[in-house]
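A short write-up of the structure that comes next.
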Amino acid sequence: MKQIKIAPSMLSADFARFGEEVAKTAESGADLLHLDVMDGNFVNNISFGPKFIEEARPFTKATFDTHLMILNPWKYIDRFVKAGSDIVTVHYEACKERLKETLKAIKSLGAKCGAVINPDAPVSVLSSVIEECDMVLLMSVFPGFGGQAFIPEVLPKIKEAAELIAATGKEIDLEVDGGINLENAGAVKAAGANVLVAGSTVFKEKDRAAIIKKLREI
Ligand code: DX5
Ligand code: ZN
-13 MKQIKIAPSM LSADFARFGE EVAKTAESGA DLLHLDVMDG NFVNNISFGP
37 KFIEEARPFT KATFDTHLMI LNPWKYIDRF VKAGSDIVTV HYEACKERLK
87 ETLKAIKSLG AKCGAVINPD APVSVLSSVI EECDMVLLMS VFPGFGGQAF
137 IPEVLPKIKE AAELIAATGK EIDLEVDGGI NLENAGAVKA AGANVLVAGS
187 TVFKEKDRAA IIKKLREI
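Letter 84 of the sequence shown, counting from 1, is numbered 70 in my numbering, and no numbers are missing.
Given below as structure tokens:
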């Protein structure tokens, strides 16, 4: 059994106090801090860029899990790695035939890499790149905004992705992102995911440590 990790999505944090927010969330027991980068083109929302991540970096040693929801991600990966990202994930939908080379480029810059697919993409698009991945990220909402409802049709895809990973014999994390709460976290883990992103579920609670622990243990 892979270790279950909880990755609070910092998109739901208070951006005016972002440094304190990353520190507090890490101290509350987060395994990774999920950083959602949106460019207003790949998705209909704009969040933050590498400078924001760089300035948050000194506030914690926790793993920065940077989820790039941007067009032409290969143009910017060096900046996100230099800013202090430990893991950089890029969308299949934003790379298509350049996915493998983009994943390799992230690794050559010294970070871990992952491929992301939207709820409507089949797991089979990952077959040709799985060997390059340190992480696979399955979206359980269409990206762009926190607080959306989990799409249950993604559950069989989690199982399929877990099988694809198992067949490699490698240690590859399987992360699921979007709409995760105490009601569906158990099913997400049972399907084979070991990294659960949670934004609104974590940030709407006063006691961040308690909700992170519950999500991990449920
Ligand atoms: C969606 C982002 C998610 C999102 C998660 O575009 O990639 O990481 O912020 O937030 P919740 O858990 O509220 O769906
Ligand atoms: Zn995300």
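Beta carbons are placed, not taken as given, at the ideal position from N, Cα and C, and that holds for glycine.
{"Item": "Taking a cut-off of 6 Å, which residues have a beta-carbon closer than that to any heavy atom of the ligand ZN, in chain order?", "Value": "Ser(-5), His20, Asp22, His53, Asp163 and Val183"}
{"Item": "Go to Ala(-6), then tell me how far its beta strand (DSSP E) extends in each direction, as first and last residue.", "Value": "Contrary to the premise, residue -6 reads as Pro rather than Ala in this sequence. Segment Lys(-9) to Pro(-6), the beta strand (DSSP E) holding Pro(-6)."}
{"Item": "So, for Asn27: in the same chain, excluding its five sequence neighbours on each side, which residues have a beta-carbon less than 6 Å away from its beta-carbon?", "Value": "Leu57"}
{"Item": "Could you tell me whether any Cβ in chain C is nearer than 7 Å to the Cβ of Glu191?", "Value": "Within the model displayed, chain C is absent; a lone protein chain is all it includes."}
{"Item": "Note down, in chain order, each residue of its chain lying with its Cβ closer than 6 Å to the Cβ of Leu183, except the 5 sequence neighbours on either side.", "Value": "According to the sequence shown, residue 183 is Val rather than Leu. Closer than 6 Å at Cβ, skipping near neighbours: Ala(-7), Ser(-5), His20 and Asp163."}
{"Item": "Compute every distance between the C-beta of Gly35 and the non-hydrogen atoms of the ligand DX5, then say whether any falls below 6 Å.", "Value": "no"}
{"Item": "Taking the beta carbon of Ser71 as the centre, do at least 16 other beta carbons fall within 10 Å, making it buried, or is it exposed?", "Value": "buried"}
{"Item": "In angstroms, rounded to a whole number, what distance separates the CA positions of Ile263 and Gly165?", "Value": "No information on residue 263 is available, as it lies outside the stretch -13 to 204 that the chain covers here."}
{"Item": "Select from Lys200, Val188, Ile204 and Ile103 the residue whose C-alpha is nearest the C-alpha of Thr11.", "Value": "Val188"}
{"Item": "Using 8 Å as the cut-off, can you tell me whether the segment 75 to 91 makes contact with the segment 45 to 64, which would need three or more C-beta pairs spanning the two stretches below that distance?", "Value": "yes"}
{"Item": "I'd like to confirm something about Gly100: is its beta-carbon nearer than 6 Å to some heavy atom of the ligand DX5, or not?", "Value": "no"}
{"Item": "Between the Cα of Thr75 and the Cα atoms of Leu89, Leu(-3) and Val174, which residue gives the shortest distance?", "Value": "Leu89"}
{"Item": "Could you work out which residue in Ile73, Ala9 and Val181 is closest to Gln(-11) when comparing CA atoms only?", "Value": "Val181"}
{"Item": "Relative to the C-alpha of Val67, which residue among Pro142, Asn31, Ser186 and Lys37 is closest?", "Value": "Lys37"}
{"Item": "Tell me, please, whether the segment 89 to 109 touches the segment 120 to 129 by the rule of three or more beta-carbon pairs shorter than 8 Å.", "Value": "yes"}
{"Item": "So the candidates are Lys192, Ser186, Lys190 and Asn167; which of them puts its Cα closest to the Cα of Glu203?", "Value": "Asn167"}
{"Item": "Helix, strand or coil for Ala12, going by three-state DSSP, please let me know.", "Value": "helix"}
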